[in-house]
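For reference, the structure discussed in these notes is given below.
In UniProt numbering, the protein residues as written are 1 to 509.
This is how it looks when you write it as structure tokens:
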């Protein structure tokens with residue numbers, strides 16, 4: 001399995017045609033922009049039109065492309081990447097503070113898409129009016145992602161194969177098959193991008209963020225980062241502490257963890273979230289058709305798929321791998337629990353649509369079998385960041401150990417480290433230390449978060465030295481803007497720089 005282990009992504013889908021691959025060349029930006037210049041905005045109502053079918057009432061959409069050096073260690077090399085931006089501005093804006101820069105996580109999620117989704121207001125899960133009235137909402141696709149010189153090196157066929165593969169291959173022959181597939185993916189990406197691979201690291205992207213801050217005309221950065229976006233924000237805070245106005249880091253990645261420790265944290269987080277799902281299921285039988293034995297129904301479906309998978313209408317088989325991907329997808333939000341229960345119940349009856357829909361949503365797979373570049377970028381960034389990937393032998397050992405500790409998620413998350421084991425090229429690990437000189441930074445944690453476990457919240461806040469923990473006692477991945485308590489605390493900080501009181505915990509509802 002090729003899994004996202006650095007903190008996974010919010011639902012952010014690239015529009016068709018947006019993920020044309022970057023190709024090696026002289027790096028001259030198509031936009032004609034140059035590093036260090038201001039963003040040149042032009043209207044782009046076609047972006048929300050393609051994503052959602054319309055723009056939000058009272059909102060205008062403008063786009064720009066900003067060129068940044070491919071390698072910030074050699075800023076005058078003449079080689080650049082194009083970073084795509086969108087600016088959402090409310091017609092009712094007044095007393096403007098500046099720009100609110102967004103990142104949805106991944107790595108690989110599109111901040112351009114996120115800005116569009118969040119522009120639709122709180123009734124549809126978007127940003128509060130108090131925020132859009134005071135800030136330009138600016139989303140960006142980090143280098144290598146979606147519209148920003150995207151990495152694209154995994155074929156649709158190989159993507160299908162990785163997701164369909166056994167998430168916990170027990171026999172040596174089955175294990176070797178998965179190893180060979182992951183080696184092929186890594187080799188293909190290395191052949192295409194070669195010396196560019198380390199340039200997709202988190203530190204390079206964090207340096208891009210400071211160029212974006214300047215390009216949009218802000219003297220200091222106001223930033224909202226989810227999931228992997230917390231790592232990006234934390235790296236920025238260490239590199240440019242005196243350029244920080246306010247950072248909200250929601251769904252914390254712990255930069256002090258090793259690659260293996262981070263993967264095990266996710267295994268623990270997803271196992272805990274699944275246990276929370278099973279308790280909910282048993283207590284809500286009317287909404288959960290597998291309430292008699294939720295864990296047994298899921299594990300039974302995966303076991304049965306090993307020998308007799310249900311065939312989906314597009315010709316794919318709902319293998320244990322696809323079921324596992326659908327399971328991962330469903331745990332990102334509490335509303336996904338009902339979808340999971342119904343999907344497993346339908347699968348028991350011979351209908352694979354529900355579980356395959358969940359899996360395709362997570363994988364960003366279109367009905368025609370094509371993929372966005374979410375997982376290409378995910379691997380490029382994670383592996384560029386990682387200089388301590390385990391060997392094949394260590395993965396095999398951890399697969400066995402974690403299977404015992406985390407029965408559903410342990411072995412697959414161990415297997416998910418394999419791509420970086422084979423990843424070619426130099427590595428560029430991110431820093432993990434204090435943000436000396438930065439103002440207070442709000443770190444938000446959700447007690448039931450599967451992908452970025454709650455324990456990471458205090459660890460990130462303590463590492464930065466200026467972090468202040470805000471807790472949401474809820475389920476799912478990330479917290480803002482889920483409840484009024486979280487919204488009040490975050491909005492007060494972003495607008496008035498009022499730091500949430502120490503130890504503030506917001507109830508689930």
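The beta-carbon is built from N, C-alpha and C at its ideal position, and this holds for glycine as well.
Item checked: Burial state of residue 32, where buried means 16 or more other Cβ atoms lie within 10 Å -> Looking up residue 32 in the chain shown gives position 32. Because residue 32 sits at a pLDDT of 39, beneath the cut-off of 50, its placement in the model cannot be relied upon, and the following sentence gives the value as read from the coordinates. Exposed is the call here.
Next item on the list: Note down, one range per segment and in chain order, each alpha helix (DSSP H) of at least 4 residues found wholly within the region 386 to 439.
Entry: For the region 386 to 439, the full-length alpha helix (DSSP H) segments reaching 4 residues or more read 392 to 405, 410 to 415 and 418 to 422 along the chain.
Notebook entry, point to check: When we look at the beta-carbon of residue 264 and count the other beta-carbons within 10 Å, is it buried (16 or more) or exposed?
Noted result: For the purposes of this step, residue 264 is identified with residue 264 of the chain shown, where counting begins at 1. Result: buried.
Note to self: Check for me: the beta strand (DSSP E) holding residue 38 runs from which residue to which?
What the structure shows: Counting from 1 along the chain shown, the entry for residue 38 is found at position 38. No beta strand (DSSP E) contains residue 38, which DSSP labels as neither H nor E.
Note to self: Here's the rule I'm using: 16 or more other beta-carbon atoms within 10 Å means buried, otherwise exposed. How should residue 268 be labelled?
What the structure shows: Position 268 of the chain shown, counting from 1, holds the residue named residue 268. Per the 10 Å Cβ criterion, buried.
Checklist line | Rounded straight-line distance, which links the Cα of residue 428 to that of residue 24 | finding: In the chain shown, the residue the question calls residue 24 occupies position 24. In the chain shown, the residue the question calls residue 428 occupies position 428. With a pLDDT of 33 at residue 24, under the threshold of 50, the predicted position of this residue should be treated as unreliable, and no value is reported.
Margin query: Which residues does DSSP list as the beta-bridge partners of residue 100?
Written below: Here residue 100 corresponds to residue number 100 of the chain shown, with the count starting at 1. Its beta-bridge partners are 137.
Checklist line | Beta-carbon gap between residue 108 and residue 378 smaller than 8 Å | finding: Here residue 108 is taken as the residue at index 108 of the chain shown, counted from 1. Here residue 378 is taken as the residue at index 378 of the chain shown, counted from 1. Going by C-beta atoms, residue 108 is nearer than 8 Å to residue 378.
Item checked: Run of the alpha helix (DSSP H) containing residue 472, from where it starts to where it stops -> One-based indexing of the chain shown puts residue 472 at position 472. Note, residue 472: premise wrong, no alpha helix (DSSP H); beta strand (DSSP E) at 467 to 475.
Check: In three-state DSSP terms, what is residue 61?
Finding: Within the chain shown, residue 61 is the residue found at index 61, counting from 1. Looking at residue 61 - three-state DSSP - the assignment turns out to be strand.
Next item on the list: Please work out which residues of its chain come closer than 6 Å, Cβ to Cβ, to residue 335, disregarding the five sequence neighbours upstream and downstream, and give them in chain order.
Entry: Locating residue 335 in the chain shown gives position 335, counting from the first residue. Once the five neighbours on either side are set aside, residue 335 has no close Cβ partner at all.
Notebook entry, point to check: Taking all protein chains shown into account, do 16 or more other C-beta atoms lie within 10 angstroms of the C-beta of residue 509, making it buried, or fewer, making it exposed?
Noted result: By 1-based counting over the chain shown, the position of residue 509 is 509. With fewer than 16 other Cβ atoms within 10 Å, it is exposed.
Next item on the list: State the Cα-Cα distance for the pair residue 517 and residue 450, rounded to the nearest angstrom.
Entry: Outside the displayed range of the chain (1 to 509) lies residue 517, so it cannot be described from this structure.
Notebook entry, point to check: In three-state DSSP terms, what is residue 69?
Noted result: Within the chain shown, the letter at position 69 stands for residue 69. Three-state DSSP puts residue 69 in a strand.
Check: The beta strand (DSSP E) spanning residue 90 covers which residue range?
Finding: By one-based count along the chain shown, residue 90 stands at place 90. Unbroken beta strand (DSSP E) run through residue 90: 80 to 90.
Notebook entry, point to check: Is it a yes or a no for the region 286 to 299 touching the region 151 to 158, going by three-plus beta-carbon pairs under 8 Å?
Noted result: They do not touch, by the three-pair rule.
Check: Closest by CA to residue 367, which one among 73, 314 and 196?
Finding: Taking the first residue of the chain shown as 1, we reach residue 367 at position 367. Looking at the Cα atoms, 314 is the closest of the given residues.
Notebook entry, point to check: Is residue 226 helix, strand or coil by DSSP?
Noted result: In the chain shown, residue 226 corresponds to position 226, counting from 1. Residue 226 falls in the strand class under three-state DSSP.
Next item on the list: For residue 182, collect the residues of the same chain with a Cβ closer than 8 Å to its Cβ; drop the 5 residues on either side in sequence, then sort them by chain order.
Entry: Indexing the chain shown from 1 puts residue 182 at position 182. Cβ neighbours of residue 182 beyond the five flanking positions: 2, 162, 418, 419, 421 and 422.
Checklist line | Three-pair Cβ contact test at 8 Å for the region 497 to 506 versus the region 464 to 476 | finding: Verdict: yes, contact present.
Note to self: Determine whether the beta carbon atoms of residue 35 and residue 303 lie at a separation below 8 Å.
What the structure shows: One-based indexing of the chain shown puts residue 35 at position 35. One-based indexing of the chain shown puts residue 303 at position 303. Not closer than 8 Å, so no.
Next item on the list: Rounded to whole angstroms, what's the CA-CA distance from residue 492 to residue 331? Just pull it up for me.
Entry: For the purposes of this step, residue 492 is taken as the residue at position 492 of the chain shown. For the purposes of this step, residue 331 is taken as the residue at position 331 of the chain shown. Their backbone Cα atoms lie some 30 Å apart in a straight line.
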